[in-house]
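Colleague: For any residue, its number in the working numbering is found by taking its place in the sequence shown, counting from 1, and adding 13. Here it is, the structure in full.
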Amino acid sequence: MNDPSNILLSKLIECKSITPDDNGCQDIILNRLEAIGFECEKINFGEVKNLWALLKSTDGPTLCFLGHTDVVPPGPIDEWDSNPFLLTERNGFIYGRGAADMKSGLAAMVTAVERFVSDEESFCGSIAFLITSDEEGPAINGTKKVIKELIKRDQKIDWCIVGEPSSEKLLGDTIKIGRRGSLTGFIKIIGCQGHVAYPHLANNPFKMISPIISDLNEIEWDQGNDFFPPTNFEIVDINSSNRGINVIPGEVELVFNVRFNNLWDYESIKNTILKIVSSHDIDYKLKWKESGIPFLSKKGRLIEIAQNVIKKECSKNPKLSTGGGTSDGRFIAPYVPEIIELGSINETIHKVNERVPTEDTPKLSKIYYKIMKDLFI
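See below:
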């Protein structure tokens, strides 16, 4: 527990930084980075806190560490075995909200860079941090806006390491080299409200929605490819907002989500679904929420070096994956040739008693350090 990475992790967990409230996390990181020569800038939008920090050594490529200080709510406090906002160590694990997602990643990044800067008086390139307090929420005023501001300034980023919890069972067993896209649809089926005893005077939208659900679930999207799993469609909610047990609802809303690979884009998915919905004789309204398009990193030095470092430090060959949910990597990927997600074990993220092995954050810090050494020296 006395390792600098775990000490910093403890300080970050104590900040109750539920989206979009950073609650002092970024100030802790800013002070650490300024102490080793970084130029730090707060680029805030609305209630969202964003930190951009840059250390220029010499002309050369820029490595950016990307992360977030915000966490999801802890859920029922009485279901936790300890205070979710006070780091607790027991049985070889560190417990706390954000321990895995992703304050361990932030702690490892900062301490790795502190060590690297201490060891190397000069190196060929620059190191940057882009940190937001709006990744777990709407993700509108965070990385998405900051990267656009940086591009306006002609800020170039050559490599990016996202500190999201990418590992599955053991630290370093998985490196994310891309992510699937995400599209959510909201179909409102409009019927006619009435008394359940007089169905002939009503039009039950639930009867109309059933065949639509059947047709949507039978879509054969694709088989995936070398880099992405098959596109997946899931119904996530059906709601009529009707609380009367003797009332036929007047409308019902179906909510679904499509996680799609790089064989699709927003328009092709929308057209496929619209074709099915419009084939039914119903009155409906359809709206969409676009959360991110698929991205896939270019294979180059960053991926190769990360793989080799993990082989040496963790004695395993990491799997390259594009699975899982969306991350802020989707906002920066269009502007960065090489991007990976490499972080803690994700088995308990967003759960009660979120935790990471006590040894993992120091080990992750060492992995980040070795990656920087091989990239720059």
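Yeah, the Cβ is synthetic: ideal placement off N, Cα and C, and Gly gets one too.
1) When the Cα atoms are used, what is the spatial distance from residue 172 to residue 75?
2) Just the C-alpha distance for residue 190 and residue 334, rounded to the nearest angstrom, thanks.
3) Does DSSP put residue 101 in a helix, a strand or coil?
4) Let me check understanding here. Comparing Cα to Cα, which of 140, 109, 133 lies closest to residue 122?
5) Going by beta-carbon coordinates alone, are residue 369 and residue 117 separated by less than 7 angstroms?
6) Assuming residue 120 and residue 21 form a contact by the criterion Cβ under 8 angstroms, report the distance between their Cβ atoms to the nearest whole angstrom.
7) Comparing C-alpha positions only, which one of 349, 287, 264, 247 sits nearest to residue 253?
8) Say whether the stretch 139-159 touches the stretch 75-90, bearing in mind that this needs 3 or more beta-carbon pairs closer than 8 angstroms, one atom from each stretch.
9) Could you pull the start and end residues of the alpha helix (DSSP H) that residue 11 belongs to?
10) State whether the stretch 298-308 contacts the stretch 268-282, with contact taken as three or more CB pairs (one from each stretch) at a distance under 8 angstroms.
11) Distance, Cα to Cα, residue 222 vs residue 267?
12) Return yes when the Cβ of residue 77 is within less than 7 angstroms of the Cβ of residue 184, no when it is not.
13) Residues in its own chain within less than 7 angstroms of residue 283 by CB, not counting five upstream and five downstream?
14) Closer than 6 angstroms by C-beta to residue 378: which residues in its own chain qualify, once you throw out the five before and the five after it? Chain order, please.
15) Do you know offhand how far residue 350's Cα is from residue 238's?
16) Express the C-alpha separation of residue 201 and residue 346 in angstroms, rounding to a whole number.
17) Could you tell me which whole beta strand (DSSP E) segments of length 3 or greater appear in the stretch 275-313?
Modeller: On the basis of the data shown:
1) 6 angstroms
2) 6 angstroms
3) strand
4) 140
5) yes
6) 4 angstroms
7) 264
8) yes
9) The displayed coordinates of the chain run from 14 to 390. Any statement about residue 11 would go beyond what the structure contains.
10) yes
11) 8 angstroms
12) no
13) 301
14) 18, 121, 124, 125
15) 21 angstroms
16) 34 angstroms
17) 296-305
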